[in-house]
Amino acid sequence: MARIAVVTGASSGVGAEFVRQLAAGAGGPLDEIWAIARRKDRLEELAAECAVDVRPIAADLTKAESLAEISQLLEEEHPQVQWLVNSAGFGKFGDAREVSPDEMADMVRLNCLAVVEMCYRTLPHMIAGSRIVNLASVASFIPQPGLVAYSATKRFVLDFTQGIDYELGQVGIHACALCPKFMRTEFLDNPGEQSDVDHLTKIGFEDKSHAVASAIRAAVLGKSLCISSPDMRLAYVATKLLPYRLAIAAENLILSLRPA
Ligand SMILES: NC(=O)c1ccc[n+]([C@@H]2O[C@H](COP(=O)([O-])OP(=O)(O)OC[C@H]3O[C@@H](n4cnc5c(N)ncnc54)[C@H](OP(=O)(O)O)[C@@H]3O)[C@@H](O)[C@H]2O)c1
11 MARIAVVTGA SSGVGAEFVR QLAAGAGGPL DEIWAIARRK DRLEELAAEC AVDVRPIAAD
71 LTKAESLAEI SQLLEEEHPQ VQWLVNSAGF GKFGDAREVS PDEMADMVRL NCLAVVEMCY
131 RTLPHMIAGS RIVNLASVAS FIPQPGLVAY SATKRFVLDF TQGIDYELGQ VGIHACALCP
191 KFMRTEFLDN PGEQSDVDHL TKIGFEDKSH AVASAIRAAV LGKSLCISSP DMRLAYVATK
251 LLPYRLAIAA ENLILSLRPA
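Just so we're aligned, residue 11 is where the sequence shown starts under this note's numbering, counting upward by one.
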C-alpha cells in the first residue's frame with residue numbers, strides 16, 4: 011500500500027514548502043505526494059524539483075465536485091495517508107462595509123469547509139501515526155478588526171484541529187494547527203484594503219521554511235498547536251488572559267507605536 015502525503019495549496023507559499031520538506035523526508039518515508047491546487051502548471055514545476063513522486067491534482071476546493079473527485083481517487087487507490095496538510099486558503103482585508111460578500115463566502119468555503127471535508131474524507135485512509143496539519147494563523151487568537159471574517163475562519167480551524175486531535179489521539183492520529191504570523195508568499199499579492207494591510211502587518215513577518223519545519227516537528231511529536239514565532243507564543247498567552255476588547259485595544263496600541 012502506497013504511503014502518501016496529501017497537501018492542499020501546494021502551488022505556492024506554505025503548501026509548496028510543505029511538499030518540498032516532506033519530499034526531502036522531514037516527516038518520514040513517503041512513496042508519493044498528492045499536490046492539490048487550481049494551477050496545475052505550478053504543481054508540475056514543483057513535482058519536477060522533488061525527489062519523491064509528486065502527483066499534481068488540479069482542483070478548486072470551493073467546489074463540492076472537486077472534493078468528491080478526491081474522495082473517489084482515495085477509494086479507487088486505497089493509499090495509506092501518512093500526512094494531510096491543509097494549506098489552501100486566502101484572506102481579504104477591509105472592514106465589514108468594504109468586503110465583497112461573495113468573496114467572503116468563498117473564503118469560508120475554502121478556509122473552513124474544505125479543511126473539514128479533506129480531514130473527514132482522508133481519515134478512513136489514515137492509520138496510527140498519521141498526521142494532519144491545518145493552517146490556522148496568529149489571527150485566530152482574537153478577532154482582528156480589518157480582517158474579521160478571515161480571523162474567524164482561522165479561529166474555526168484552530169478549534170476544529172484541537173478538537174479532532176483530542177478525538178483521534180485515542181487511535182494514534184494527531185492533528186496540529188500551525189499559527190504563523192505573516193510570511194512573504196502570494197497571500198498578500200491581492201489583499202484588499204491596503205490601510206488595514208499596512209496596520210496589521212506591523213506585527214512582523216516570519217520565514218515560511220522555519221514555520222513549516224516547526225509544524226512538521228510539532229506534528230511528529232503529537233502536538234495540537236504550533237506557534238512558530240516566539241513573540242507570538244507570548245501574545246497567545248496574553249490573549250488567553252485578557253477580555254477580547256482589552257486584547258484588541260492592546261494590540262492596536264502596540265501596532266500604532268511601531269514604525270510603518
Ligand atoms: N502568508 C501569510 O502571511 C499567512 C499567515 C498566516 C497563515 N497563512 C495561511 O497559510 C495558508 C497558505 O497561505 P500562503 O501564505 O501559502 O498563501 P499563497 O501563497 O497565496 O498560497 C495559497 C494556496 O492556496 C491555493 N488556493 C487558493 N484558492 C484555492 C481554491 N479555491 N482551491 C484550491 N486551492 C486554492 C493556491 O493555489 P491556486 O491559486 O493554484 O489554486 C495556493 O497554492 C493559508 O491558509 C493562509 O491563510 C498565511
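Glycine residues also receive a C-beta, built at the ideal position from the N, C-alpha and C atoms.
The model shown is predicted, which means the values in this text are computed figures rather than measured ones.
- Counting only runs of 4 or more residues that sit fully inside the stretch 140-217, the alpha helix (DSSP H) segments are 158-178, 204-210, in chain order.
- The stretch 52-61 and the stretch 74-84 do not touch, with fewer than three beta-carbon pairs separated by less than 8 angstroms.
- Judged by beta-carbon spacing, Asn-121 lies within the 8 angstroms limit of Lys-164, meaning their Cβ atoms are closer than that value.
- Across the set Gly-214, Val-143, Glu-196, the C-alpha of Val-143 shows the shortest separation from the C-alpha of Ala-185.
- In this structure, the beta-carbon distance from Cys-129 to Ile-174 falls below 8 angstroms.
- For the 8 angstroms CB-CB criterion, Glu-27 and Ser-234 do not form a contact.
- Per DSSP, the unbroken alpha helix (DSSP H) holding Ala-245 starts and ends at 240-251.
- Around the C-beta of Ser-205, fewer than 16 other C-beta atoms lie within 10 Å, and the residue is accordingly described as exposed.
- Placement of the Cβ of Pro-190 at a distance of less than 7 angstroms from at least one heavy atom of ligand 1 is found.
- Following the DSSP letters along the chain, one finds Ala-78 inside the alpha helix (DSSP H) bounded by residues 74-87.
- Placement of the Cβ of Leu-71 at a distance of less than 7 angstroms from at least one heavy atom of ligand 1 is found.
- Residue pairing by DSSP leaves Ala-20 without any beta bridge partner.
- In this structure Ser-22 is in contact with Thr-195, their Cβ atoms being roughly 6 angstroms apart against a cut-off of 8 angstroms.
- Exposed is the label assigned to Ser-110, since fewer than 16 other Cβ atoms lie within 10 Å of its Cβ.
- In this structure, the straight-line span from the alpha carbon of Ile-226 to that of Gly-139 is close to 13 angstroms.
- Beta-bridge partners of Asp-63 (DSSP): Glu-42.
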